[in-house]
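Residue numbers (this note's numbering), protein chains in the order written: chain A, 1 to 799; chain B, 1001 to 1217. Even glycine gets a Cβ: it sits at the ideal position worked out from N, Cα and C. Bear in mind the structure is a predicted one, so any value in this text is a computation, not a measurement.
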């Protein structure tokens, strides 16, 4: 019987710790344990054999820390140490004649992945790959990816194992006392992702002893549909006189593990501090007990890096705003690579109560694949809501699905043969939930039966790829009632049938229904409410619409999913004006005053009022700029406080946006004074200072190309060259990264001698700036504005 | 762990300017959010050490740094410490960078204040244990101070198993993530007279630092 089958029919036993055993044998702090696969083979072999003789079925190879980063200066390659480690395990198994399994032990890389850290996802994948390949080749029976505390890293490891080997994959994680991974994921989020990716078993290891670990198991059993593995430490670490030890003895360990086995688990073993004695007692206490009965929990769930969203009787809101269709401002943002605009939309939808965010960045004139590559991790850096990947381009789809941290929702597949053939394999590979549209080669059926037939066909086809009903969200297609008065009825009857007869969750985009009618929101809201009562599991709507959201809140109270109407009451009791709106009694301020006081909304209002009677350039030159100048001077004289400066900058921005809108509506466009490239140099991840400079430069009429942080000199050069910029601003905060600033400057001076370079950052001084060849140094943000103004005015004067 | 208001303002370069009510509200809101949502964590280990004029050795590691050696002169033991206030501050900075830059600088400053206050707390508990054994603490000294090179972070991280125990990782450039994290070496001495009394900035060589504590602060 193979390993995965055996896990379901027999309680299996892992071995215990290797690391702490090696420390007892003289492993020095800071010494790599895996090197002993070559230098102290005998010790490794002995430890493996003692665990095998204690009665375990699975031994972990001594390969936990093997990855290119840790092995860099060791004198060994990942492949050779992995091979040695696996061979030693196999040798121990052969020589003890125990017919046990050798699990290729894969631990964390010890680096944080982008966008939070500096390691790209593909970099992590490539770091795991050599170990997987070498491990399978040397004879491992399964991959154990353990002591993981980051879902993103887990995903890279699982894909590396699944795409490069045919070994079963088991993943165990370290949770803290609150049931969260270090990167913030709760159990539901992690399980949703791992089950989607098709792991053969999952569970917990390390962190604490069996008594604490036991507490997490009821929840895990409730949500998990695959075998469960539990490998606790021998208690919590205790530091005495600088030495760490674990104090839970073999009998105590075994007795709690027995309770765990009684409640249901698939495999048991030990982590830090456990010894062959612990395993012997464990096997003695639990041998012959029944393993966990594996049942499908039938969860329709998506997740982000932090939490899961489960589809059920409580309907969910999918925010539709990140989509260029019909939104010229959004299209402009995409063309200008203004990602901040997209992030703002995301946060505002989150504020308004969206559970999931649709992400559609498809525009013919841009590179959608590259945009997804930036936007998906970028969004996940600022919002913890799960995302719906919305695209019809398979390459963009694959890029997004691969980079997504969590279990994504994919929009969409339809009943056409080509669509199902292209998209289902992707969906299966990346383990997502899929939105399915009930249309096919013949178009959109205009009967209820027609849509149901397509739904059934899609369900059958999905099953061929291992995608079950629980993995699908069926969209019975909203058509506009002004072209067919039964359209709403057809959609809703099909919806009801799909949900309650076929047993598949449903979704709809509602705004189509009212196309061509006046006061569309009224019709949309009624249709939305009707759909909710007919079994809509998730509505794709604008969470910024008060009317839609109050209908939603009222529905949840009515259908019993808002316990004691608590949410409804807390949101709607009190006065009618909703929280968050600025008080209507703000007296009207002049634009100048609004900017100085840092009141963004008032500034926007005041600007619009001014534009009724004055020209846009006049408003800029006589109100906005003087206001900024006043605040800027106050900042330099230290009479204006930094947060105040920034609020004024945001207020000025609101004023400028109003002017730009006005100019556009008149058919004109605002010309920028010049383009400036900004970047925080390679190796440096501090960017607040740079962001402050950016906001101020934009306020003063410059177009800023912000390359972000940790930017290579080559990218700065390439961007400056491509956009023919005359001024580059570089920021660095550390003495260790300022060397990269010097590199960047040298490169620019050589290839673009006409380009000026200004520098800033806490580590810099005028002396140092002169030394590395910068053209200008400023200790604060206003200096950069002055320099840019002077530079571009001189240029303009020269012309 | 607290976001001390005076410290937060110091990190914002405060020099007695007027703080209007909206800034005040933002300061209050962010301080409260940080205090409630952060997940601080720390780990420390004690080692015997040997100190010469320009080297310090403990746990199999030898550090070459005159400044560190001076700080630890006469100590026979050191405590190696790593602490963090968690990822919340970084998430807040990223979000505010999109919606309100004033909020981002405030998170930065209040986060630094929280971090320092948390390390002080951990240090206080180390101090209490040490005093029972007749030992006193020197001022904590971190990689990056003086000539104590940042490269040693790698070794400290290996020795404390930071990524596994408290979830702090290092970038290629030896910067810590989450960004509000601290590693430090704290010398233990039997001489109370030479120990730390939570000093001011007078010991530091960067006299042009914008955040240097003045006499009044």
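Helix, strand or coil at residue i [DSSP, three-state]
i	result
residue 1145/B	coil
residue 1004/B	coil
residue 583/A	Its pLDDT being 49, under 50, residue 583/A is placed unreliably in this model, and the value from its coordinates should be taken loosely. Coil.
residue 1085/B	coil
residue 1027/B	helix
residue 799/A	The pLDDT assigned to residue 799/A is 48, lower than 50, so where the model puts this residue is not dependable; a value taken from the coordinates is nonetheless given after this. Coil, per DSSP.
residue 360/A	coil
residue 1060/B	coil
residue 1181/B	strand
residue 33/A	helix
residue 351/A	helix
residue 231/A	strand
residue 1126/B	helix
residue 573/A	coil
residue 50/A	helix
residue 237/A	strand
residue 639/A	coil
residue 1050/B	strand
residue 676/A	strand
Of the residues the options, the one placed nearest residue i, counting alpha carbons only
i	options	result
residue 509/A	316/A, 378/A, 415/A and 568/A	316/A
residue 680/A	706/A, 460/A and 284/A	706/A
residue 42/A	645/A, 14/A and 92/A	92/A
residue 657/A	691/A, 59/A and 329/A	329/A
residue 686/A	377/A, 736/A, 523/A and 720/A	736/A
residue 277/A	261/A, 782/A, 50/A and 353/A	50/A
residue 1135/B	1047/B, 1192/B and 1054/B	1192/B
residue 598/A	613/A, 645/A, 621/A and 478/A	645/A
residue 776/A	789/A, 638/A and 759/A	759/A
residue 1153/B	1131/B, 1091/B and 1184/B	1184/B
residue 444/A	761/A, 416/A, 462/A and 471/A	416/A
residue 364/A	392/A, 343/A and 388/A	392/A
residue 1089/B	1178/B, 1065/B and 1155/B	1178/B
For residue j and residue i, the rounded distance between their alpha carbons
i	j	result
residue 1027/B	residue 1096/B	13 Å
residue 1217/B	residue 1116/B	Low confidence applies here, because residue 1217/B scores a pLDDT of 48, under 50, leaving its location unreliable; read the following figure in that light. Going by the C-alpha atoms only, they are around 16 Å apart.
residue 778/A	residue 130/A	47 Å
residue 799/A	residue 675/A	Low per-residue confidence applies at residue 799/A: pLDDT is 48, beneath 50, and the placement is therefore not dependable, though the value from the model is reported in the following sentence. About 17 Å.
residue 711/A	residue 456/A	50 Å
residue 792/A	residue 591/A	26 Å
residue 370/A	residue 396/A	8 Å
residue 506/A	residue 473/A	5 Å
residue 728/A	residue 1176/B	27 Å
residue 441/A	residue 232/A	55 Å
residue 56/A	residue 275/A	12 Å
residue 1015/B	residue 774/A	30 Å
residue 820/A	residue 1086/B	Because chain A here runs from 1 to 799, residue 820/A falls outside it and cannot be looked at.
residue 836/A	residue 8/A	There is simply no residue 836/A to check, as chain A begins at 1 and stops at 799 in what is shown.
residue 585/A	residue 602/A	The predicted position of residue 585/A is uncertain, since its pLDDT is 47 and thus under 50; a value taken from the coordinates is nonetheless stated next. Using only the alpha carbons, I get a separation of about 11 Å.
residue 1168/B	residue 110/A	9 Å
residue 185/A	residue 662/A	45 Å
residue 583/A	residue 561/A	Confidence at residue 583/A is low in this model, with a pLDDT of 49, below 50, so its placement is unreliable and the value that follows should be read with caution. Answer to the nearest angstrom: the Cα atoms are 33 Å apart.
residue 351/A	residue 345/A	10 Å
Handout entry: Completely contained alpha helix (DSSP H) runs for the stretch 434 to 470 of chain A, where each covers 4 or more residues
Key = List check, alpha helix (DSSP H) in window: 448 to 463.
Problem - Interface positions of the stretch 371 to 393 of chain A facing chain B (Cβ-Cβ less than 9 Å), listed along the chain - result: For the stretch 371 to 393 of chain A, the residues whose beta carbon sits under 9 Å from a beta carbon of chain B are, in order, 381, 382, 383 and 384.
Handout entry: Length at least 4, wholly inside the stretch 754 to 780 of chain A: the alpha helix (DSSP H) runs in chain order
Key = If only complete runs of 4 or more residues are kept, the stretch 754 to 780 of chain A shows the alpha helix (DSSP H) at 766 to 771, in order along the chain.
Problem - Near-chain B residues of the stretch 410 to 428 of chain A - C-beta to any C-beta below 9 Å - result: For the stretch 410 to 428 of chain A, the beta-carbon criterion of a distance under 9 Å to any beta-carbon of chain B is satisfied by none of its residues.
Problem - Inside the stretch 691 to 739 of chain A only - beta strand (DSSP E) runs reaching at least 3 residues - result: Assignment of beta strand (DSSP E) within the stretch 691 to 739 of chain A, counting only whole runs of 3 or more residues, yields 703 to 706 and 727 to 731 in chain order.
Exercise for the section: Taking a Cβ distance cut-off of 7 Å, strictly less, list which residues of the stretch 1166 to 1178 of chain B are near chain A, in chain order. Expected result: Here the close residues are 1167, 1169, 1171, 1172, 1173, 1174, 1175 and 1177.
Problem - Proximal residues, the stretch 106 to 135 of chain A versus chain B, C-beta separation under 7 Å - result: Contacts with chain B (Cβ-Cβ distance below 7 Å) from the stretch 106 to 135 of chain A involve 108, 110, 111, 112, 116, 117 and 118, listed in chain order.
Problem - Minimum length 3: unbroken beta strand (DSSP E) runs contained in the stretch 171 to 213 of chain A - result: The qualifying runs are 201 to 205.
Handout entry: Contacting positions in the stretch 1086 to 1102 of chain B - beta carbon closer than 8 Å to chain A
Key = Within the stretch 1086 to 1102 of chain B, the qualifying residues are 1087, 1090, 1091, 1093, 1094, 1095, 1097, 1098, 1099, 1100, 1101 and 1102.
Problem - Near-chain A residues of the stretch 1104 to 1128 of chain B (beta-carbon distance less than 7 Å), N- to C-terminal order - result: Identification of residues in the stretch 1104 to 1128 of chain B having a C-beta nearer than 7 Å to some C-beta of chain A yields 1104, 1105, 1106 and 1108, given in sequence order.
Problem - Contained beta strand (DSSP E) runs [length at least 3] in the stretch 366 to 431 of chain A, N- to C-terminal order - result: As far as the stretch 366 to 431 of chain A is concerned, its whole beta strand (DSSP E) runs of at least 3 residues are 387 to 390 and 409 to 414.
Practice task
Could you please tell me which residues of the stretch 1008 to 1022 of chain B, in chain order, have their CB closer than 7 Å to any CB of chain A?
Solution key: Within the stretch 1008 to 1022 of chain B, the qualifying residues are 1012, 1013, 1014, 1015, 1017, 1019, 1020 and 1022.
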